[in-house]
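Reading through the structure tokens given below for one structure.
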Amino acid sequence: MFGSEAVTGRTILVVLEPGDGVLEALVQACIRFGVTDGYVPVFLGAFRELTLIGAGEPPADEDEPMPESITVRNCEGQGTATVARGSDGPLVHLHASVGAKGDSARAHSGHVLSGVVQYPTEVVLVELLSPTMERRPNARARGLATLTFPPE
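Using the UniProt record's numbering, the first residue of the sequence shown is number 1, and each one after it goes up by one.
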């Protein structure tokens, strides 16, 4: 375990419009407002489709990172994210839980790979002034890139 006290800056309200790419629009919001480090405590809306890391069936090894993805269409849900510095700009790491409208709101949750907004999606973006955050491969997490920052 490691940790650091976070110093917050601005709180920015963002609305993603129908047809927006979810991750692309979040990155554009970060760029527009100059947010290089932050988090998203509120992310809620409806999506034409959302592709998550996951599968329709249980994996053979639940401890292994999921190699598959699932696309949920016509769904509603909520999520949360971190924003860290990347070599090409802000990296948005978003997880969401959504229910498929056409499947009695059957839920799917996981890391968001892509998505398209169906109805306006409400986002609250909080800027972090410190610490600076990055994502780096972590051998203790089976090589997945995980959040890092200078510990106190």
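The beta-carbon is built from N, C-alpha and C at its ideal position, and this holds for glycine as well.
Being a predicted model, the structure only gives us computed values, none of them experimental.
Under the DSSP assignment, residue 6 falls outside any beta strand (DSSP E); it carries neither an H nor an E label. Within 10 angstroms of the beta-carbon of residue 90 lie 16 or more other beta-carbons, which makes it buried. Under DSSP, the beta-bridge partners assigned to residue 109 are 97. Within the same chain, and ignoring the five residues on either side of residue 137 in sequence, the residues whose Cβ sits closer than 6 Å to its Cβ are 143 and 145. Taking C-alpha positions only, residue 121 is separated from residue 1 by approximately 34 Å.
Scanning its chain for C-beta atoms nearer than 7 Å, with the 5 sequence neighbours on each side dropped, one finds around residue 99 the residues 75, 76, 77, 105, 106 and 107, in chain order. Burial of residue 39 is indicated by the presence of at least 16 other C-beta atoms within 10 angstroms of its C-beta.
For the 8 Å CB-CB criterion, residue 148 and residue 37 do not form a contact. According to the DSSP assignment, residue 42 belongs to the beta strand (DSSP E) that extends over 38-53. Nearest to residue 44 by C-alpha distance, out of 33, 5 and 22, is 22.
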